[in-house]
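To start, the structure itself, in structure tokens.
Numbering (our numbering), first residue to last: 244 to 513.
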């Protein structure tokens, strides 16, 4: 039964694969047997992550591309196919909030549409674009797994992150839309799902959650109090859900969003 969870012999592409969360999930895919391409704008950071994976015995390669630039995505895809011949897994881990789009300390009326568009583009276009480019060879082969990253902000109103919330809600809709269309068009071998992380401390949100002295901010305290497990998530705790969705163990799972949130989305606050 455990053999259905293996990713041995499969090729995975991870966008944002050298970030805290994306990098940890990339490591998890490699540990499950996949060879992993790390895609991002920085060749040095992508190569450093690949070196880390290679040191652990995995096969890895850097791909330099901007998830918002279709031409660079297609060039990266062609480079991958020339080297490894196929793509079986796409993990869309690029994304996050944009500092100037936050409204924690002001009102939403001060949010510029330029900042709103920036955060929506990063998260929504940065997910749909790679899905279409790398999904194309998956569709030709009628086999593959695309995993997107949603958020608690897609499920309920979370203060200060209007643009991010809208983008992640749209990512969930795009996940379901692509799951239905690709299954009907290409058959059951091509699946699209998402995970919805709860609250994790990463590069982008550290200053919002952690004070310079290492203590929690008021926002962090509110989050932990609303999380039944009573703490922030650890990056490695995302790996199990991702490997499951990419593996044959999830062969009848498509169009779903799995929360990995310590119970945050289940708790009413009462």
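The C-beta atom is built at its ideal place from N, Cα and C for all residues, glycine as well.
**Report entry** Integer-rounded CB distance, given that residue 332 should sit under 8 Å from residue 256
**Finding:** 7 Å
Query raised in the report: Would residue 271 pass as a contact of residue 483 if the rule is Cβ separation under 9 Å?
Result: yes
Report task. Measuring alpha carbon to alpha carbon, tell me which of 493, 301, 355, 402 ends up nearest residue 245. Result -> 493
Report task. Decide yes or no for the touch test of the segment 477 to 491 against the segment 396 to 408: beta carbon pairs closer than 8 Å, at least 3 of them. Result -> no
Query - Selection from 251, 443, 259, 276 that minimises the alpha carbon distance to residue 390 - result: It is 259 whose Cα lies nearest to the Cα of residue 390.
Query raised in the report: Given a threshold of 16 other Cβ atoms within 10 Å of its Cβ, counted over all protein chains shown, does residue 299 qualify as buried or as exposed?
Result: exposed
Query - Other residues of its chain near residue 500: CB distance less than 6 Å, five sequence neighbours each side excluded - result: 393, 415, 437, 439
Query raised in the report: Is residue 434 helix, strand or coil by DSSP?
Result: In this structure, residue 434 counts as strand in the three-state DSSP scheme.
Query - Close Cβ partners of residue 322 (< 7 Å) along its chain, the five nearest in sequence each way excluded - result: 306
Query - DSSP-derived helix/strand/coil call for residue 336 - result: Correct three-state label for residue 336: coil.
Report task. Count the other CB atoms, across all protein chains shown, that sit within 10 Å of the CB of residue 470; report buried if there are 16 or more and exposed otherwise. Result -> buried
Query raised in the report: Contact check, residue 369 vs residue 318 under 8 Å by CB: the rounded distance?
Result: 17 Å between Cβ atoms; not a contact.
**Report entry** Three-way DSSP call (helix, strand, coil) for residue 291 in this model
**Finding:** Residue 291: helix per DSSP, three-state reduction.
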